[in-house]
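These notes are about the structure you will find just below.
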Amino acid sequence: MQLSFLDIAIITVYIAAVVSLGIFASRAFGRSARGYFLAGNRIPWPVLGMSNASGMFDISGTMWMVSLLFVYGVKSIFISWLWPSFNQIFLMMFLSVWLRRSGVMTGAEWIRLRFGESRGANLSHLIVVVFALLGVLGFLAYGFIGIGKFAAAFLPWQLSTQNHLNEICYGLIITALTVIYLLKGGLGSVVITEVLQFVVMTIACIAIGVIAMIKVTPEMLARAVPDGWMTLHFGWELEIDWSQLLPLANDQIASDGYSFFSVFIMLVLFKGILQSLAGPAPNYDMQRILSARSPSEAAKMSGFVSVVLLFPRYMMITGLTVLALVFFTPQLKSMGSGADFEQILPFAITNFLPAGVLGLVVAGLLATFMSTFAATANAAPAYIVNDIYRRYINPQASEPRVMRLSYIVTVVFVILGCAAGIFMSSLNSVVMWLVSALYGGYTASNLLKWYWWRFNAIGYFGGMVAGLFIAIPLMFTALSPLYVFPVMFAVCLATCIVGSLLTPADDMRVLKAFYLKTRPWGAWQPVIAALQKDNISFTPNRDMQRDLTNTGIGLIWHTCLGLLPIFLVVKIWHAFFVTAAIALVTSVYLKKHWWNKLAD
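Numbering-wise, the sequence shown is residues -2 to 597 according to the numbering used here.
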């Protein structure tokens, strides 16, 4: 790609600004462990929300969602539930409040609060650390490859005559720049730079959407898509037939396994709701919640993510898709059986963005790599230093020693992640295993830990180990983790329940302390009775019905926020205004029944 002087200047100024901001943040946040890992719980919730949204602007995910919208049309909004995209609704309604009330720094430290100091609690604590570090290492390797491939494709300088070495060189340079501001200020540096990255990315997304609206008329789009592409309706099957326009798209639908769309949606909802009820995995999303100034601000931050993320991101996704549908379809046809729908993004960027806007978009996409990489890398020292070193090796470690060790752990994990990226040509299958199979095995244990008092540390450890034993072989098979999930969940759930019932309950003092601090709802009657025996005026959490009702309304609200930019860019005005009206009504409802009811 040939970048103009203006484009190169924008990219250069952006990189310099990111590094400078990160170094500046070190003066405010990087002087203690809590300051380094959680920014001292001093960052306002709107800033945390923008930071979290920036971390979710994954370029590979954006390319995947563009290819989905291209093939499946408006109905692709439901396919994003695979992750699940709507988990933010469960967080904003109740889980973020419960998690932030704990006052811990990591997910592994939360396990000690829930299960105490028994042998089973120590085993559970260690298995969560292992799970978290596996995820960190895998995503760092994936991020390194992504940075290198993206930079080599879009930046004009050839650092090596060999393409693979060129990608590695770019990956090492951009990784080093990211690590500079991460080491200096920890989470504070990450958050401040991610806000800048979010602003850049939002401008880029809106620009792409507007360009698509200008260049593509509704008539042009209608000729490029089959019947059913522009509607949400589906029956037993998908009801989209590409045979007359692009037969390869039908092959893609069959390959994805989404032809029987109703079955797919039922499985996605089953998996997504259970994983959402289990709470966040121990990654950057959990870290943002724990770093909020208060429980109510943690909930507001989780809700704000949906508001600021969905509209601009789907502006970009829809803009790129619309441009590709009208102008890129002939090239896809010419590729034959080797058609690559993920080439849509670079095609649209290369051919339709003017100078200046092109530099802004490349800088914005570069930002998504840097922010996600930094947020992931920042999680490793929190687990190694706080949950291993301070707990088992040196509980009396001074703050300067802890900070030095945090720097070392960060560098070591970045090096390991880069090394894995260098020696692995493709990480797509590994990442899909991480987010689907590994997190699938995480669900049962982390679901029960919130809602059932009798669930003990041995049950938790057994369920997590069972999940790992099932997930690991899936890496070496062609089985879809989605279709294996019901069996995996059933095995892990049975292991959790049997393990808990065959061993003694956890110490009632630990359970009372946990409930008193976090106040979840669910099957906690014996613990509540014990607390009321100590204090007859104690009032338990009776908000389950309200929280679940708000969650159902929130799912509709969340889906509307994603649909609005799609309908806007493709100019389906009647659907746009109906969706906007539903979004407005649900917003008013949530303001009254969620926002106004928030309490620390």
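Note that CB positions come from ideal geometry on N, CA and C, so glycine has one too.
C-beta atoms of residue i and residue j nearer than 8 Å
i: F87; j: L274; result: yes
i: L595; j: S299; result: no
i: I12; j: G356; result: no
i: A209; j: G361; result: no
i: T175; j: A371; result: yes
i: F67; j: T318; result: yes
i: I494; j: G117; result: no
i: M89; j: A379; result: no
i: F573; j: T373; result: no
i: M227; j: V567; result: yes
i: G100; j: V125; result: no
i: F231; j: K72; result: yes
i: T315; j: I579; result: no
i: Y69; j: I237; result: yes
i: A204; j: V304; result: no
i: R111; j: K589; result: no
i: F257; j: W239; result: no
i: A434; j: L471; result: yes
i: L271; j: L444; result: yes
i: T492; j: G459; result: yes
i: D504; j: G113; result: yes
i: A468; j: G418; result: no
i: F91; j: D597; result: no
i: S48; j: R285; result: yes
i: G414; j: A138; result: yes
i: L229; j: K330; result: no
For residue i, the residue or residues it bridges with in DSSP
i: W449; result: A520
i: A289; result: I40
Start-to-end residues for the alpha helix (DSSP H) that takes in residue i
i: F482; result: P478 to L498
i: G104; result: G104 to F112
i: F344; result: I341 to F349
i: R220; result: P215 to A221
i: S534; result: No alpha helix (DSSP H) holds S534; DSSP gives it neither H nor E.
i: Q328; result: T326 to S331
i: L508; result: M505 to T515
i: N84; result: N84 to F87
i: R543; result: M541 to V567
i: Y380; result: Counting along the chain, Y380 falls outside any alpha helix (DSSP H), and DSSP gives it neither H nor E.
i: E238; result: Per the sequence presented here, residue 238 reads as Asp, with Glu not at that position. Taken as a continuous stretch (DSSP letters only), D238 belongs to no alpha helix (DSSP H), as it is neither H nor E.
i: S259; result: F258 to L274
i: K588; result: W570 to H590
i: A251; result: P244 to D253
i: G464; result: A454 to L471
i: L595; result: Run containing L595: none; DSSP gives neither H nor E here.
i: L96; result: S93 to R98
Exposed unless 16 or more other CB atoms sit within 10 angstroms - verdict on residue i
i: L508; result: buried
i: A526; result: exposed
i: L558; result: buried
i: Q599; result: Outside the shown range of the chain (-2 to 597) lies residue 599, about which nothing can therefore be said.
i: S423; result: In this prediction, S423 has a pLDDT of 48, which is less than 50 and means its spatial position is unreliable; what the coordinates show is noted afterwards. It is exposed - the Cβ of S423 has fewer than 16 other Cβ atoms within 10 Å.
i: N425; result: Note that N425 scores 48 on pLDDT, short of 50, meaning its location in the model is unreliable; the coordinates nonetheless yield the value given after this. Counting Cβ neighbours within 10 Å, N425 comes out exposed, since fewer than 16 surround it.
i: F2; result: exposed
i: G549; result: exposed
i: R401; result: exposed
i: L245; result: buried
i: F473; result: exposed
i: G551; result: buried
i: E164; result: buried
i: E396; result: exposed
i: G254; result: exposed
i: L560; result: buried
Below-8 Å beta-carbon distance, residue i vs any chain C residue
i: F128; result: Absent from the structure: chain C. Only one protein chain is present.
Indicate whether the contact test is met: 3 or more Cβ pairs, each with one atom in the region 302 to 312 and one in the region 117 to 135, closer than 8 Å. no
Specify whether the region 437 to 457 and the region 164 to 174 touch according to this definition: at least 3 beta carbon pairs, one from each stretch, less than 8 Å apart. no
Contact between the region 206 to 225 and the region 312 to 325 is defined here as three or more beta-carbon pairs at a separation below 8 Å; is this criterion met? yes
Using 8 Å as the Cβ pair cut-off and three pairs as the minimum, do the region 186 to 199 and the region 384 to 395 touch? no
Does the structure place the region 465 to 484 close enough to the region 525 to 543 that three or more beta carbon pairs sit under 8 Å? no
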